[in-house]
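Below is one structure, written out as structure tokens; comments come after it.
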Amino acid sequence: MDEVKQLAKQATVYVVPTKPFSFEGTFFKPSHFPSKLVLYDNGRLYQAIEVGGHAFGVEIFGSSPNSQKVGITIYAPKAISDSIKKAIEREVVTRYDLAGDIGGFIEEYRGDSLLAEPIQRWGGMRPSVAYSLYGFLMVATVLQNATVKRTVQMMDALLKQYGKKLIFAGREVYAIWSPEDMEKVSETDLRDLRIGYRAKNIKRISHSFVTKQVSEELLRSMRRKQDIKEALLEIYGVGPQSVSYLLFEAFHFYDALDHLSPWEGKIVSMLLYGNKTTSPKRILKDVEKRWGKWKMLAIHYIFEDLFWRRKEECIPWLEEEIRM
DNA sequence: CATCAGGGCCCTG
DNA sequence: CAGGGCCCTGAT
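All residue numbers for the first sequence refer to my numbering, where the first residue is 56 and numbers rise by one.
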């Protein structure tokens, strides 16, 4: 519990993302739930990445204000091999969609009344997720049926007990436990962390990873959105809400929007129609017509821009929908 | 103090 | 396919 590891700098690699690209838009998501798994500080992102059963510290930065290169500094207890470096680089490229092709979207909608400003500020932003599939599902599990505050509390309790604290570059972030670690933990012990019925889901999801019934590798190799969706829905404790986040953020389907949760529905409704009451069904139809194959990316640009603005100015109707 | 719904999902009818 | 129940907490 509260296993701590001090890591030292071992290597820096660089990748060149496809254009157009926005570093901050891609690596910092104001709308994402805050956790000790990721730290964005002074234009740099700190997180753990697990490769070959080991957790490495990773620091990601834009190499210079105008260069489009992304630097990845890797921290570890001892020197690392080229294959580890490659694997971590690949993981960053995949999780942050650095090889994605969104040029068509920017071209087509830079004049769109709702997208012009977000594109001006964030043009080149990618849908991205800091976590592995397993990590994402753990987060999604504590997000269920809870307010953000309680979610943070549950995640902190879990990380304190089962996570690995990594110290590198003068910062601290946690690496999530592995599915195998969770196999050794009893449901009762988990429940003692006050996470309620979610204990069962965590156990079952972990087990399906250990038995290879679920494999991130395999899912990533699938081409069709529908196939991935069906495979994800088979996982116990994973429903339409988590899957729709995953299809967009982790699997980068820019049109992955056929489901709107009530709280998101209200926010999108307000942005599109100036009221909170338009039905999700109507919204989905209009969004399809307006942005077609880019519809979820469009919503993401508008959404992140809104959350970013929230830091600058007070948006009362939004505060009502975000219960911290 | 009691009641209730929450940034879902499963299960039942 | 609609709706109750789930753990626990903070808001009322």
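Glycine included, C-beta positions come from ideal geometry on N, C-alpha and C.
- When the Cα atoms are used, residue 212 and residue 259 turn out to be separated by approximately 19 Å.
- Between residue 268 and residue 192, the alpha-carbon positions lie close to 15 Å from each other.
- Residue 83 is a Cβ neighbour of residue 95, given a cutoff of 8 Å.
- A residue is called buried once 16 or more other Cβ atoms fall within 10 Å of its Cβ, and residue 71, having fewer, is exposed.
- Between residue 129 and residue 107, the CB-CB gap reaches or exceeds 8 Å.
- Beta-bridge pairing by DSSP links residue 104 to 111.
- With a beta-carbon spacing of about 6 Å, residue 219 and residue 60 fall inside the 8 Å limit used to define contacts.
- Residues of the same chain with a CB within less than 7 Å of the CB of residue 187, apart from the 5 flanking positions on each side, are 105, 271 in chain order.
- Separation of residue 221 and residue 103 (C-alpha to C-alpha, rounded to the nearest whole angstrom) is 8 Å.
- In this structure, residue 291 lies near residue 256, with their beta-carbon atoms less than 8 Å apart.
- Taking the Cα of residue 185 as reference, the smallest distance to any Cα among 326, 246, 244, 146 is reached at 146.
- Collapsing the DSSP output to three states places residue 224 in coil.
- By alpha-carbon distance to residue 263, the top candidate from 371, 297, 161, 237 is 237.
- Residue 143 carries a helical assignment under DSSP once its states are collapsed to helix, strand and coil.
- Ranking 311, 320, 115 by CA distance to the CA of residue 346 puts 311 first.
- Counting along the chain, residue 93 sits inside no alpha helix (DSSP H); it lies in the beta strand (DSSP E) bounded by residues 93–96.
- Per DSSP, residue 123 lies in no alpha helix (DSSP H) segment and is marked neither H nor E.
- In the three-state scheme derived from DSSP, where H, G and I count as helix and E and B as strand, residue 275 is classed as helix.
- As a beta-bridge residue in DSSP terms, residue 219 pairs with 58, 230.
- With respect to the 8 Å criterion, residue 86 and residue 362 are classified as neighbours on the basis of their beta carbons.
- When DSSP states are grouped into helix, strand and coil, residue 255 belongs to the helix group.
- Assigned with DSSP and collapsed to three states, residue 117 falls in strand.
- With a contact defined as Cβ atoms closer than 8 Å, residue 148 and residue 154 qualify at about 6 Å.
- Under DSSP, residue 67 shares a beta bridge with 128.
- When the alpha-carbon of residue 67 is set against those of 333, 176, 275, 124, the nearest one is in 124.
- Three or more Cβ pairs closer than 8 Å define a contact, and the region 333–352 falls short of that threshold against the region 362–378.
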